[in-house]
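Chains as they are written, first to last, in the UniProt record's numbering: chain A, 1 to 359; chain B, 1 to 359.
Following: one structure in structure tokens, then a few remarks.
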């Protein structure tokens, strides 16, 4: 019950152990097509350029930035946790200029500050932000931020690593231009694959670049030849075939449950956990208005030894919870309720273990 | 029996289906250390910076180039197949200048031409070449090419995607500075992971770059914090934990057999296949002096329908062989004898099937 990887559904582990097909085998091509459709369902999009990148979420982030940002481009990055900072790194390594709106860790990105910056800098090309900040447990207002991006004629890049499958996310409804996610959070799939999606507007920007994409491996102009429509696929790289079996199974499980049902399960489970934590006298750090149900950040009570508690939980209760990151180290714990691990039995176990350890 | 992915050993598929550990779990860190040691054995190196990259071989290639090539750097690339061309793409996307020595597909890289170019361009920083060209079945003389690189004070980047575990490869003995390989050729592991190794000289070049590595995901300065020595690991990206189980198992299988024994098995199997093909009146296109035992390129006899034969082999005999790539399309077949698939039973089956289909 840490911040991920979450427990993998055994159905997914079984899927993964099936014999490896060739990456150009007609049967595998069919699985790629079905995976794409399931991913469109999960993202709520009809974007044709929707597919899993053959590498972890960090590479999915990089795929969005290297394809959309050219040298000299201005990108506004909203920072209120670790992963916003990583976006700035990406912009700079593309030769872009990163402007930032910084908010205190644990609070939402301030929409007014974003609008002011967009207004003052009409040449900003991209607005980038993290939907669900895994480092702080904060949900940023993705819908409103994408509205601002459109209002000021920017593209939007959205980090949905921890949000996909856990809270409302509507790529087409909100007008998101580029989005990446991870496999190992609310999809409860094995780590190593990063679903991405690009709007037609983003695709047009990628096709009309002045310079070549700096990464050959992540160049969407080339990847689309392999993941594109139709029976004819051009070899680009050898896909991680077995990991793709796992991703297909994870998305199928999500569809079987129903996207909205999965969101509701995370919300209700969070309420149950929050109620129990409150009974133990523990405090959640994030305001309930923009708290992530799938990542619960708990203030460590005064006088309690962070590392000792986590060690005892792991050794005596076989229970992992996350430490604080960066400025939050030693001050908070992060309790994940993600995907397959988001179930009443786990919540009961976690609360009982904390009750014993904190006695 | 195509050019890869090769059949995956069932031991590896079983390993992959084990429960997912956290990427910072002490047990997983231990597995990372052991994987690194096994990889040092397979590469014949004591390089400290030896590890599997969390993405396919194409990303391993990119990791070598983006870390060692800075804008303006001159790189000499030896081209005698598809993957040499891909190296040129990588150099150019790093802002480097690619000089090339081109040889006819199916022939070795000409050492004299390489030496002449190195002599004429004393500012060349890197010599890059493919050890085993999967597109043509040719083995380039890696030992001699690395000697030339050292003689002219260059770094060497070696593509060992298809060579590792199949033919002699000696990273320290030959003085290779940067090398990448794949999981799905002679290691018979699932695709999606790319082992790499960097010499101390290469590490020093990476640490003293003037510019930041253009890829955050592949920046070895950051990755080393996660894969480095000691118990303390800095989070960089979430490793594909289950694929790493698979890689560990694949390397363990190689060590159990013994590296030299694996090379010999590939050599003897090739002889058996070559003998059988000759009896069928089929001709291998590559000179036996530099032919890859693990990838046998066969001339399609006049009047034989390439696609029809491959289709019949697949449908009636459940046997996949590879088509020709690029200029070789329609002219050759590529028969893989890689790792777990390199065994007498497969050779007998392949020869019997070809005998029937070509009758």
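We put the CB at the ideal spot given by N, CA and C, even for glycine.
Note that this is a predicted model, so its numbers are computed, not measured.
Spanning the alpha carbons of residue 152 (chain B) and residue 214 (chain A) requires a straight line of approximately 29 Å. Using a Cβ-Cβ cut-off of 8 Å, residue 247 (chain B) does not count as an interface residue toward chain A, since no Cβ of chain A sits closer than that to its own. Chain-ordered listing is empty here: chain B has no CB closer than 9 Å to the CB of residue 52 (chain A), the nearest sitting near 11 Å.
Around residue 193 (chain B), the same chain offers 52, 183, 243 and 247 as residues with beta carbons nearer than 6 Å, after the five sequence neighbours per side are excluded. Residue range 220-227 is occupied by the alpha helix (DSSP H) that includes residue 225 (chain B). Residue 310 (chain B) has a beta carbon lying at 8 Å or more from every beta carbon in chain A. For residue 312 (chain B), same chain residues with a beta-carbon under 7 Å away, outside a window of 5 residues either side, are 357 in chain order.
In terms of Cα proximity to residue 139 (chain A), the closest of A:68, A:220, A:262 and A:294 is A:294. Apart from the 5 residues on each side of it in sequence, residue 292 (chain A) sits with its Cβ closer than 6 Å to the Cβ of 132, 137 and 139 in its chain, given in chain order. Within the DSSP secondary-structure output, residue 296 (chain A) pairs in a beta bridge with A:335. Around residue 290 (chain B), the same chain offers 108, 138 and 139 as residues with beta carbons nearer than 7 Å, after the five sequence neighbours per side are excluded. Residue 159 (chain B): member of the beta strand (DSSP E) spanning 155-159, first to last residue. Taking a contact to require three or more Cβ pairs closer than 8 Å, the region 36-49 of chain B and the region 38-46 of chain A do not qualify as touching.
For residue 16 (chain B), the chain A residues whose Cβ falls inside 7 Å of its Cβ are 16, 17 and 242, in order along the chain. Taking residue 225 (chain B) as the centre and dropping the five residues before and after it, the same chain places the C-beta of 233, 234 and 236 closer than 8 Å to its C-beta, in chain order. Annotation for residue 55 (chain B): no beta strand (DSSP E) segment contains it, and DSSP assigns it neither H nor E. Residues are counted here when their Cβ sits less than 8 Å from a Cβ of chain B; for the region 88-110 of chain A these are 89, 90, 92, 93 and 94, given in chain order. Residues of the region 312-330 of chain A with a C-beta atom less than 7 Å from some C-beta of chain B are 320, listed in chain order. DSSP assignment within the region 155-211 of chain A yields the following whole beta strand (DSSP E) runs of 3 residues or more, N-terminal first: 155-159, 178-180 and 194-198.
The Cβ atoms of residue 241 (chain A) and residue 190 (chain B) lie closer than 8 Å to each other. A Cβ-Cβ separation of about 11 Å leaves residue 114 (chain A) out of contact with residue 79 (chain A) under the 8 Å criterion. Taking C-beta atoms under 8 Å as the contact rule, residue 103 (chain A) and residue 61 (chain A) fail to qualify, at a distance of about 20 Å. Residue-level contact by beta carbon holds for residue 238 (chain A) and chain B, with a gap shorter than 8 Å. Contact of residue 181 (chain B) with chain A by beta-carbon distance below 8 Å is absent, the smallest such distance being about 12 Å. Between residue 338 (chain B) and residue 135 (chain B), the gap from beta carbon to beta carbon reaches 8 Å or more.
In terms of Cβ geometry, residue 160 (chain B) and residue 180 (chain B) form a close pair [threshold 8 Å].
Within the same chain, 184, 185, 188, 336, 338, 339, 340 and 341 come within 7 Å of residue 6 (chain A) by CB-CB distance, once the 5 residues on both sides are set aside.
Contact between the region 6-22 of chain B and the region 28-39 of chain A is absent: fewer than three C-beta pairs spanning the two stretches fall below 8 Å. Chain order gives no chain A residues near residue 294 (chain B), where near means a beta carbon separation below 8 Å; the closest approach is about 16 Å. According to the DSSP assignment, residue 28 (chain A) belongs to the alpha helix (DSSP H) that extends over 26-43.
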